[in-house]
Amino acid sequence: MEEISRAEEMVLLAIWRLKEKAYGVSIRKQVRKDTGKDYTYGTLYGLLRQMTYKGYIEKSLGDPIPKKGGRSRAYFSLTPLGVQALKDTVKLHRSLWKDINEFSFDES
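Shown next, in the form of structure tokens:
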């Protein structure tokens, strides 16, 4: 499987954490909470569009929201391919960091 980017990893993890509450604003807030990164909406929606195209996530529309002028909110969820991408990423990180402990950095 193709490796995902760090940005894709952060957004996929945010969607996984948020479950059925994963929509643009909530995803942006979750990424900021988890990483301190403050993606613009343009960057975030570009990533969401890209990951939808790659098959990592799927988009569904909720009920119309009066506060949004009757527009529906777009929700995002992980596909089986997205879940596998996260599992592969965890496996890669564990492999890269094996045999390195917190004290190794003090030796340089």
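Every number in the working numbering is 479 more than the matching position in the sequence shown, counting from 1.
Even glycine gets a Cβ: it sits at the ideal position worked out from N, Cα and C.
Taking the Cβ atom as the reference point for each residue, do residue i and residue j lie within a distance shorter than 8 Å?
i	j	result
G541	Y554	yes
W495	L557	yes
Y502	R573	no
Using a Cβ-Cβ cut-off of 8 Å, state whether residue i counts as contacting chain D.
i	result
M530	The structure shown contains no chain D, having only a single protein chain.
Assuming residue i and residue j form a contact by the criterion Cβ under 8 Å, report the distance between their Cβ atoms to the nearest whole angstrom.
i	j	result
Q509	A486	Incorrect: roughly 14 Å between the Cβ atoms, too far for contact.
I506	T568	I506 to T568, Cβ: 18 Å. No contact.
By a C-beta neighbour count over all protein chains shown, 10 Å radius and 16 as the cutoff for buried, is residue i buried or exposed?
i	result
G549	exposed
V490	buried
T534	Here residue 534 is Gly; the residue named in the question, Thr, does not match the sequence. Exposed, because fewer than 16 other Cβ atoms sit within 10 Å of the Cβ of G534.
I536	buried
Look up residue i in the DSSP assignment and say whether it is helix, strand or coil.
i	result
R485	helix
I544	coil
Y520	helix
I535	Residue identity check: residue 535 is Tyr in the sequence provided, not Ile. It is coil, neither helix nor strand.
Quick check on this structure: which residue in the options has the alpha carbon closest to the alpha carbon of residue i?
i	options	result
K498	V569, L571, R528 and S539	S539
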